[in-house]
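Numbered by this note's numbering, the letters in the sequence shown go through residues 2 to 339 in order. Ideal Cβ positions, reconstructed from N, Cα and C, are used throughout, including at glycine. Source: prediction; values computed, not measured. The structure appears below as structure tokens.
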Amino acid sequence: MHSSHTRLFRFFAISALLALVLPLAGCSSTQSILEPATSSAREITGLFYFIFYVALAIFIIVEGLLIYFVLRYQRRARAELPAQVHGNTPIEIAWTLAPALILAVVFFLTVRTMAATNISAQPPATVQVRVIGHQWWWEFQYPDLGIVTADELHIPAGEVVGVTLLSDNVIHSFWVPQLTGKTDVVPDHENKTWLRADAPGTYNGQCAEFCGAQHAHMLFKVIAQPRADDEAWVRQQQTPPSEPTGEAVRGKQVFESGACIGCHTIQNTKGQGKVGPNLTHLGSRTIIGAGIMPNTPDNLAQWIRNAPSLKPGIVMPAFPSLSDADLRALVAYLESLK
Ligand code: CUA
Numbered sequence: 002m003h004s005s006h007t008r009l010f011r012f013f014a015i016s017a018l019l020a021l022v023l024p025l026a027g028c029s030s031t032q033s034i035l036e037p038a039t040s041s042a043r044e045i046t047g048l049f050y051f052i053f054y055v056a057l058a059i060f061i062i063v064e065g066l067l068i069y070f071v072l073r074y075q076r077r078a079r080a081e082l083p084a085q086v087h088g089n090t091p092i093e094i095a096w097t098l099a100p101a102l103i104l105a106v107v108f109f110l111t112v113r114t115m116a117a118t119n120i121s122a123q124p125p126a127t128v129q130v131r132v133i134g135h136q137w138w139w140e141f142q143y144p145d146l147g148i149v150t151a152d153e154l155h156i157p158a159g160e161v162v163g164v165t166l167l168s169d170n171v172i173h174s175f176w177v178p179q180l181t182g183k184t185d186v187v188p189d190h191e192n193k194t195w196l197r198a199d200a201p202g203t204y205n206g207q208c209a210e211f212c213g214a215q216h217a218h219m220l221f222k223v224i225a226q227p228r229a230d231d232e233a234w235v236r237q238q239q240t241p242p243s244e245p246t247g248e249a250v251r252g253k254q255v256f257e258s259g260a261c262i263g264c265h266t267i268q269n270t271k272g273q274g275k276v277g278p279n280l281t282h283l284g285s286r287t288i289i290g291a292g293i294m295p296n297t298p299d300n301l302a303q304w305i306r307n308a309p310s311l312k313p314g315i316v317m318p319a320f321p322s323l324s325d326a327d328l329r330a331l332v333a334y335l336e337s338l339k
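Listed below in structure tokens is the structure:
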């Protein structure tokens, strides 16, 4: 008897604590549906809060009644038996109707949110992006602009971006909590979604479907800029990188004579590999390894030297035999690719 009371109390205390803490959990991070940055994300957040508070109210009522009855009607004497009750039609109708009504309202609001966040309810897309999910990084292709990049999706702020999703391996899920809900990224099947950032800013995205050892390290960034700045970025990406100078000259030779070109493309070089990220403008990106670390020369050197030690399971091999001087030159070359 005593232990079941204790267990019940512990269950209630933990549940109540979670109910209080859960709404606060998103406040410190920007990767949260609780801080929507666009109208469709606000619709989803609104629906979430409605369902959450309805569930919270039901939880408090049910648990409150449960505790009340447990305390009020516990057996006082060994011989005592409670009144035996069989069926109560009004109560049975009530507890069938009430949940059905609540679910009907949730259903109606869900359908309404789906309609409001559908691309057909938006102005036409001004940019089209093809997103390819790899193990474990994101490729962003702009077919109309002739741009291929990785892990950083640049978009003009305030405009609708049409997104076509495809995987070349397992199922991933494209998710930018502040901008758009999750859409699966499936092999051999194109899925469509869209997004818009109302204001300029950097928004974190994350793969939201377990896809192997490095699922947790499959981050990307959506960088929304005013149209003029975005156009400047487009022109920069469309311009082939300038010929290297200084140490980077040797770095380019290392790149072209080594294993790099088997997997990586750099425009106007021998490197036309398609397995790994396109590195044509690597120096202009802020992250490497799908967000595993910031793009700095030291980090890039570490990454090239032994990527599998930083991100076990990835395709990119380690290069223990690369001399320090060659590695330095290679890093200088790659970082010069703005
Ligand atoms: Cu890709 Cu999880």
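query: When we look at the beta-carbon of Gln239 and count the other beta-carbons within 10 Å, is it buried (16 or more) or exposed?
result: exposed
- request: Just mark Glu81 as buried or exposed, buried being the case when its beta carbon has 16 or more other beta carbons within 10 Å.
  value: exposed
- request: With a 10 Å radius around its C-beta and 16 neighbouring C-beta atoms as the bar for buried, classify Phe221 as buried or exposed.
  value: buried
message: Here's a check: name, in chain order, each residue in its chain whose Cβ is nearer than 6 Å to the Cβ of Ala302, leaving out the five neighbours to either side.
response: Take Ala302, set aside five residues on each side of it, and the residues of its chain with a beta-carbon closer than 6 Å to its own are Leu328, Val332, in chain order.
query: For the stretch 166–228, which segments carrying the beta strand (DSSP E) assignment without a break, of at least 3 residues, lie completely within its bounds, in sequence order?
result: 173–177, 181–186, 192–196, 202–207, 220–226
field: Whole-angstrom distance between Thr246 and Pro144, CA atom to CA atom
entry: 31 Å
message: Any heavy atom of ligand 1 inside 7 Å of the beta-carbon of Cys261?
response: no
task: From the DSSP output, in three-state form, read off Thr114 for me.
output: Of the three classes helix, strand and coil, the one that applies to Thr114 here is helix, per DSSP.
task: Could you check what DSSP says for Pro45 in three-state terms: helix, strand or coil?
output: What sits at residue 45 in the sequence shown is Ile, not Pro. Of the three classes helix, strand and coil, the one that applies to Ile45 here is helix, per DSSP.
message: Distance check for Ala151 and Glu140, CA to CA, integer angstroms please.
response: Rounded to the nearest angstrom, the two C-alpha atoms are 4 Å apart.
field: Minimum C-alpha distance to Asn192 - residue among Leu167, Gln207, Ala38
entry: Leu167
message: As a quick exercise: from Asn300, Leu335, Ile289, pick the residue whose alpha carbon is nearest that of Glu153.
response: Out of Asn300, Leu335, Ile289, Ile289 has the C-alpha closest to the C-alpha of Glu153.
- prompt: Can Val164 and Val186 be called in contact, C-beta distance under 8 Å?
  reply: no
- request: Could you check how far apart the C-beta atoms of Gly182 and Ile45 are, in whole angstroms? I think they sit under 8 Å.
  value: 6 Å
message: Quick check: the stretch 250–264 against the stretch 312–325, are at least 3 beta-carbon pairs closer than 8 Å?
response: Contact check between the stretch 312–325 and the stretch 250–264: three or more CB pairs, one atom from each, fall below 8 Å, which counts as touching.
- request: Indicate the three-state DSSP secondary structure (helix, strand or coil) for Ala308 in the structure shown.
  value: helix
message: On a Cα-Cα basis, can you pick out the residue from Ala84, Ser337, Glu160 that is closest to Ala249?
response: Proximity to Ala249 across Ala84, Ser337, Glu160 peaks at Ser337, based on C-alpha coordinates.
- prompt: In terms of residues, what are the limits of the beta strand (DSSP E) holding Gln254?
  reply: Gln254 -> not in any beta strand (DSSP E); alpha helix (DSSP H) instead, spanning 248–258.
- request: Look up Phe320 in the DSSP assignment and say whether it is helix, strand or coil.
  value: Here Phe320 sits in coil by DSSP.
query: Considering only the beta carbon of each residue, do Gln89 and His135 sit closer than 8 Å?
result: The displayed chain sequence assigns Asn, not Gln, to residue 89. Contact flag unset, no.
field: Distance between Leu180 and Ser33 (C-alpha atoms, nearest Å)
entry: 10 Å
message: How far does the beta strand (DSSP E) with Tyr143 in it extend, from its first residue to its last?
response: First-last of the beta strand (DSSP E) with Tyr143: 138–143.
- request: Run the CB neighbour count on Tyr334, radius 10 Å, all protein chains shown included, and call it buried at 16 or more, exposed below.
  value: The residue is buried, with at least 16 neighbouring Cβ atoms inside 10 Å.
Segments assigned alpha helix (DSSP H), at least 4 residues, entirely inside the stretch 34–116: 40–73
task: Return helix, strand or coil for Gly314, following the three-state DSSP convention.
output: coil
- prompt: Is Gly1 near ligand 1, judged by its Cβ being under 7 Å from some heavy atom?
  reply: As displayed, the chain neither begins before 2 nor continues past 339, which places residue 1 out of reach and without an answer.
- prompt: Between the C-alpha atoms of Val106 and Glu64, what's the straight-line distance to the nearest angstrom?
  reply: Answer to the nearest angstrom: the Cα atoms are 23 Å apart.
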